[in-house]
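Each residue of the sequence shown is one higher than the last, beginning at 9 in the numbering used here.
Note that CB positions come from ideal geometry on N, CA and C, so glycine has one too.
Report on the structure given below.
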Amino acid sequence: MDSCCFKSKFYRKDLIDELKIFGMSSRHHIDDFMRGRIIGKIEEGRKITDVAREFDIAHGVVSRLWKSFKTTGMCSRWHGGGRVRSTTPAEDRYIVLSAKRNRRTTAQQVENQFLAASGKQISRKTVARRLRGGGLYARRPVVCVPLTRQHRTARLQWCREHHNWTEQDWAYPVLIPFFKVPADF
Numbered sequence: 009m010d011s012c013c014f015k016s017k018f019y020r021k022d023l024i025d026e027l028k029i030f031g032m033s034s035r036h037h038i039d040d041f042m043r044g045r046i047i048g049k050i051e052e053g054r055k056i057t058d059v060a061r062e063f064d065i066a067h068g069v070v071s072r073l074w075k076s077f078k079t080t081g082m083c084s085r086w087h088g089g090g091r092v093r094s095t096t097p098a099e100d101r102y103i104v105l106s107a108k109r110n111r112r113t114t115a116q117q118v119e120n121q122f123l124a125a126s127g128k129q130i131s132r133k134t135v136a137r138r139l140r141g142g143g144l145y146a147r148r149p150v151v152c153v154p155l156t157r158q159h160r161t162a163r164l165q166w167c168r169e170h171h172n173w174t175e176q177d178w179a180y181p182v183l184i185p186f187f188k189v190p191a192d193f
């Protein structure tokens with residue numbers, strides 16, 4: 009047999025179809041309604057083997073389902089998993105709202121406000137993630153020269169002098185008066 013046919017998705021589909029014909033079904037989850045029916049049959053007093061055969065499911069699957077039902081009292085699958093969130097959706101909204109009230113606050117300041125309001129300690133990274141979830145993204149302020157009154161008047165004067173220039177006037181290089189930057193900056 010050619011080795012390239014093992015890589016083909018059509019060959020794989022044919023193989024899965026053959027497994028289904030011979031009673032070996034591909035892996036899939038049982039929906040909650042089916043789980044309830046299985047548990048109901050077992051509660052009626054039927055054997056796990058008979059129920060598994062009736063639903064065409066492996067004995068181990070039905071056995072684990074029954075064991076899980078006896079310990080938890082529920083037959084639905086456990087949805088979710090992973091780490092538990094440190095904040096509730098209401099607290100997430102509070103974090104976003106407090107950041108929107110004052111746009112200049114940092115994530116650290118929002119964290120401190122949240123600690124004071126709720127008494128719950130969360131990290132700065134958590135605050136940043138919640139703000140991103142609310143559509144607020146951190147931006148670093150651009151470092152620029154603070155303009156004084158003289159700078160602004162000089163700029164305005166230069167603009168007034170050049171406001172009626174034509175395209176030909178702008179074609180030649182213009183020496184723009186640069187302002188002296190403070191030494192402490």
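- Here the C-alpha atom of residue 63 lies approximately 23 Å from the C-alpha atom of residue 80.
- Residue 105 and residue 75 have their alpha carbons spaced roughly 46 Å apart.
- The C-alpha of residue 120 is placed about 18 Å away from the C-alpha of residue 140.
- Ranking 50, 159, 111 and 132 by CA distance to the CA of residue 78 puts 50 first.
- By the CB criterion at 9 Å, residue 168 and residue 155 fall outside the cutoff.
- When rounded, the separation of the alpha-carbon atoms in residue 111 and residue 143 is 13 Å.
- For residue 165, the uninterrupted alpha helix (DSSP H) run begins and ends at 157-170, by DSSP.
- Annotation: the continuous alpha helix (DSSP H) that includes residue 42 extends over 40-51.
- With contacts defined as CB atoms closer than 9 Å, residue 122 and residue 145 fail to qualify as a contacting pair.
- Here DSSP, grouped into helix, strand and coil, assigns residue 64 to coil.
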